[in-house]
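Peer 1:
In this note's numbering, the protein residues as written are 518 to 682.
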């Protein structure tokens, strides 16, 4: 089973509801991921198996926002498990900070100076890919897509829930 990085954009009203109703948040995320239309696609995003490499590479480049794991725990009394633990929050102001930092962290430079051996040595998931010597260029493509998603969320003033499933 693969581990996939997932995202859900939340308007301020949706975030307020999610903060107080974890069951609603889980149902809402599930509903949007199950739909096959442009409106749902704009609200959700996946980084596939690139999430761990993105985290490794963005930290290596000093990206100022944790756009892989989020920056805050949800204040739910019991941690809801959405796959590999509960979702975490990236508040709207941090989504904006991430979007503002994108210019200095272009996707075409994300993997500069990084070899598959570097990723394998750091135990970056999916390790087997790096052990086979596959180049990390596909991770940069996921970064480009995530950057578009972040910009759109920042324009709308949205927060995000992030989780690994």
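Glycine included, every Cβ here is placed at the ideal spot set by N, Cα and C.
Just so we're clear, the structure is a prediction, and the values are computed from it rather than from any experiment.
According to the neighbour-count rule (16 or more other Cβ atoms, all chains shown, within 10 Å of its Cβ), is residue 555 buried or exposed?
Peer 2: exposed
Peer 1: Would you list the residues sitting across from residue 563 in a DSSP beta bridge?
Peer 2: 523
Peer 1: Give the single residue among 570, 566, 569 and 547 whose Cα lies nearest to the Cα of residue 560.
Peer 2: 547
Peer 1: Quick one: give me the first and last residue of the alpha helix (DSSP H) that residue 611 is part of.
Peer 2: 609 to 618
Peer 1: If you draw a straight line from the alpha carbon of residue 585 to that of residue 573, how long is it in whole angstroms?
Peer 2: 10 Å
Peer 1: Does DSSP put residue 553 in a helix, in a strand, or in coil?
Peer 2: Three-state result, residue 553: coil.
Peer 1: Residue 618 and residue 581 look like a contact to me (Cβ under 8 Å); what is the Cβ gap, rounded to whole Å?
Peer 2: 5 Å
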